[in-house]
Structure formats: C-alpha cells, structure tokens
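Here the structure is laid out as structure tokens; the discussion comes afterwards.
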Amino acid sequence: MKLQVVLSLCAVLTLGLQAPPPEQCWCELINVGDEFPHDKLSTADGNASDCNRNITPNKTVELESLLLGLERRIAQLHQDVSVLEREDDGELYGVLSLYVIENEVAEIWQLMDRLNSITEGDQRLTADTTKRLRALRAVMEEMETFDTMQVVRGQLSSNLLKMDPGNYKKGLKATTAPTQPPQGTCAHGQLVNITGPRVFTQGEYPGSYSYGAWGRDPEPEPGKESWYWLVVMTSTNKYSNYIRLYSSLSALFVGKSVPGNVAIHSSNPTTNTIQGPNNVLYRGALYYNCYNQPEVCRFNLTTKTVTNFKLPEGTRYNSKGNFCQLDECYPFTDLDLATDESGVWVTYTTSQDFGNLVLSKVEEGEPPRLGQTWHTSIYKQAITNTFMACGVLYATRFKTKGVEEIFYALDTVTGKERFNLGILMNKMAPKIQALNYSPVDQMLHAYSDANMVSYKALFA
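Here it is, written out as structure tokens:
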C-alpha cells in the first residue's frame, strides 16, 4: 500500500514538471500628457547659476570703493589747494605743492576712467541679466503647467499666508527671530574689506628708516584736526627719541614739518624713550613701549612729560615676544599700541599665556592704567600685526610679498573669535612694520619698509 502511494506521488510530480509554461504578460504604458522638457529645465538652471556667479556683492563693494576713493581724493585736493593758496612762498614749497596737486588730479582722472569702465560693464551685465531673467520666467511658467498635483502652487499660497498677518487669527503673533549681537561698538558694523592703497609716499626720509609708524590723532587738539604724525626708528631700527608732526597730508609728502621734531629726550636710547615701531598718538600724547621695560609710556607733547605704567608680570619684552612671518620676526614688536573710536589699546604676550596674544584696554588717568583684558587663543608669533576698529581686534599674517591678509578678529563685546576673515591688502613692500586705524577717516595707516601707505576700511 505504501508503495502505491509513493508511486502515485511521483507520477503527479512528473506530470507537474512536464506541464507547459504559462503565457507571458506584456503591459504598455502610454503618457497622455505632454513630455516634460528636461532640456529647458537644464538650460534654465544653467542661466540661473550664471546670474548668481556674475552678480555678486563684490561688484557692489568695488563700485562703492571707487566712489569712496573719489570722494576722498576730491576732498584732499580741495584741502591741498587751500593750503597752497594760504602758504605759497613762491619758491620750492609752492613748486612741490603744485607737483602734489598735479599727481592728485591725475589719480582722480584714473579713478574716473575706472569708474566709467565699471559702470559700462555693469550696464551691459544688467541688460544681459534682464534678458535671461525674462526667458527664465517664461520657462518657469511653462514648468508650472506640469505641476498637476498643485504642490508648487500650494507652497506659494502657504508663503503668502505667512507673509500676510491679516490671515492670522486675532491675538496670534509670530515668534520674533533672535537678533545677532552687534559687531563691536560701532553702528557701521564689522569690517568687510580693505581698498587701496589710497596714499603712498616715502616722505622726507626716502629709504632711510625701515621701521616706524605714522597716522592721525583720533581726538586731536583744536586746530590740529588735519595734522599727521610720524615716528621713525632712528637707531638700528629699534629705538627713537622724538615724534615729528605735519600740518597736512601734503606737508607730510613734501617733508615740511611744523613744529619739527618734538623730542622726548636728547639721548637715544635712554630711560623712557621709544622702543619698537608700534606707537600711536591719542589726545596729544604719544603711547609707546618704554625703552628696556615691560611698560607703556605716555609722552605729553604739550607738557613734555612722560608717565608710564607696568604690564602684567611675565610680559615678554626686549624682542622676546615679536610679530613674525615664515622667514623672520620683526624685532622689538613685543608691544603693539592701537587706537579706535573708544581710545587706546595694547596687545602683548606673557609667559603665563604661553605666547598667545593678550589684549588690554588702556584707561586714561594720572598715570594711565590697564583696564579690561582679553586672553586670545592665537599665537602671537603666527601674526605680523594687529589693529583695533570699533572695539574689534584684528590680526594680519604674511601671505605673499605683495599681499597681507587680515584673517583674525576678536569682538570685545561678545568675546567671540574668528579665524577666517580672508580680507586681503595689497602691499607696496614685503613687510608691514606698523598698522594703525584712524577712526577720523576710517583709514588704515601702514608703515612698510620706509614707505607710508594708507588703505580705506569698508564696514558693513
């Protein structure tokens, strides 16, 4: 019996395996709508990308920079002509002043030519962009006809509802987005670019003194609003014992100093004379690193008196905490004095901070003293210079022989650091020994291998 069942099952399996395969089923999909124009969408995407590449904030900044430069040049020309009319002696000074004015007029024409060129280019770009945007709009309207599920239209309606507060129920208010803290202490915002050089001169000592500093007093005495100052390291690029004053920029160009040298001491160097190039003038007093001391000296140009105050214990001085680049360090740049809209600042480094940069506010008084201090996370010998603007500390580094980069910022209001600013400065010489910001005209004054150079600072 068991054998018969087994034979029956085998027969069934054999018959099943030998049965013919079922017929295959074919389905044909027919699109009753229009074919989606992928090629048009790809072209529209390319045109949109071209518009984004061609129209950038840099074009606005470039145009604004030229306009600012032109405004500055015209004001300077008017000032120099007034000085010439007032002080022309009919001899050498008048001839040199006319030469300066001739150069300024030539620079104004160059700026005008550049401005016209950019304006014509922008007009062509505007016409081309307008044409592309019209074509893009037509393509997008065509694309919208393929939105059979009304997804895009629904999103547009939703956005309109969000934009129209009248569609909300009474009493329902949207949450206000948190505001970002201001950048520094000025209303004009953070530094976004540097243009120039705007001014370039070797002054009355062409090629003689590689180290020095120059600039303007942010809060000058009455009648000295247009004055400039200059300090050059007259002894082995390290020391100086006087400051030199000029009644105007053109006087600085031609080397006509009034009242000439204002001496701190007859000897150089000696106690309380200047050590290092990083100096500033503020309210008629020169701030600098005291000779052979970890101290800041303040020399009053009117009373000819010096007051000083010590920096924290462990402050590095005598060329032990310099600014540096890849190949070399800048001697006796241990202390860097700076000014901005709020007063005087000083950067330095200490043994306790393991060489990292330290920033302190200098508080006015008799004598001055250190105020609030910030300890940064940036190594001082990795930077070439610092300056202050609107309560923000900026640091530079050597990029090439022709370019310096402002790469770092510390906001003293928020305490936040940034390491990726990427603001480039075109140099007239490989090294910048001193860099001072002037809040009077928002200019950066650089002393670069015996050259005096100015740049315009642009803020957001």
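Residue numbers for the sequence shown follow our numbering, beginning at 1 and rising by one. Glycine included, C-beta positions come from ideal geometry on N, C-alpha and C.
Closest option to Glu-102, judged by alpha-carbon separation, among Arg-73, Asp-122 and Asp-113: Arg-73. Ile-383 and Thr-350 have their C-alpha atoms some 16 Å from each other. Under DSSP, Glu-417 takes part in a beta bridge, and its partners are Leu-410.
The way I'd put it, the segment 203 to 217 does touch the segment 421 to 440; three or more beta-carbon pairs between them come closer than 8 Å. Between Pro-294 and Leu-311, the gap from beta carbon to beta carbon is short of 8 Å. For the set Glu-87, Phe-332, Ser-267 and Gly-314, the Cα lying nearest the Cα of Asp-353 is the one of Gly-314.
Three or more pairs of CB atoms, one per stretch, sit closer than 8 Å, so the segment 186 to 199 contacts the segment 420 to 427. Straight-line spacing of the CA atoms in Asn-308 and Tyr-288 works out to 9 Å. Taking C-beta atoms as the reference points, Arg-418 and Glu-405 fail to come closer than 8 Å. With a 10 Å radius around the Cβ and a threshold of 16 neighbouring Cβ atoms, Leu-67 comes out exposed. Lys-320 is classed as exposed because its beta carbon has fewer than 16 other beta carbons within 10 Å across all chains shown.
The Cβ atoms of Gly-255 and Ala-450 lie no closer than 8 Å to each other.
Along the length of the segment 201 to 232, whole beta strand (DSSP E) runs at least 3 residues long occupy 212 to 215 and 228 to 232, reported in chain order. Judged by beta-carbon spacing, His-188 lies beyond the 8 Å limit of Phe-387, meaning their Cβ atoms are not closer than that value. Checking the DSSP bridge columns, you'll see Ser-360 partnered with Val-346 and Thr-373.
A distance below 7 Å between beta-carbons, with the five flanking residues on each side excluded, links Tyr-242 to the following residues of its chain, in chain order: Asn-261, Val-262, Ala-263 and Ile-264.
The Cβ atoms of Tyr-317 and Ile-274 lie no closer than 8 Å to each other. CA-CA distance, Gln-76 to Thr-302, rounds to 28 Å.
By the Cβ neighbour-count rule, Arg-298 is buried, with 16 or more other Cβ atoms within 10 Å of its own.
Contact between Tyr-394 and Tyr-379 is ruled out by a C-beta separation of about 16 Å, above the 8 Å threshold. In the three-state scheme derived from DSSP, where H, G and I count as helix and E and B as strand, Leu-98 is classed as helix. 8 Å or more divides the Cβ of Asn-278 from the Cβ of Asp-217. In terms of Cβ geometry, Leu-70 and Met-143 do not form a close pair [threshold 8 Å].
Ranked by Cα distance from Ser-377, the first of His-78, Lys-416 and Leu-191 is Lys-416. Separation of the CB atoms of Ser-257 and Ser-226 is rounded to 14 Å, and the pair is thereby denied contact status at 8 Å. Residue environment: Thr-270 is assigned as exposed (fewer than 16 neighbouring CB atoms within 10 Å of its CB, all protein chains considered).
Put simply, the backbone Cα of Val-346 is about 19 Å away from that of Leu-230. Apart from sequence neighbours up to five positions away, the residues of its chain that approach Val-100 with a beta-carbon distance below 8 Å are Asp-80, Ser-250, Phe-253 and Val-254, ordered along the chain. With respect to Pro-331, Asn-237 sits close: the two C-beta atoms are nearer than 8 Å. For Cys-290, the number of other beta carbons within 10 angstroms of its own is at least 16, and it is reported as buried. Counting along the chain, the unbroken beta strand (DSSP E) around Asp-340 starts and ends at 336 to 340. Counting along the chain, Asn-52 sits inside the alpha helix (DSSP H) bounded by residues 38 to 54.
Looking at the DSSP output, Thr-396 bridges to Asn-385 and Ile-406. For Arg-124, the secondary structure class from DSSP, reduced to helix, strand or coil, is helix. In the three-state reduction of the DSSP assignment, Gln-275 falls in the strand class. Nearest Cα to Tyr-209 within the set Thr-130, Lys-224, Ser-235 and Arg-86: Ser-235.
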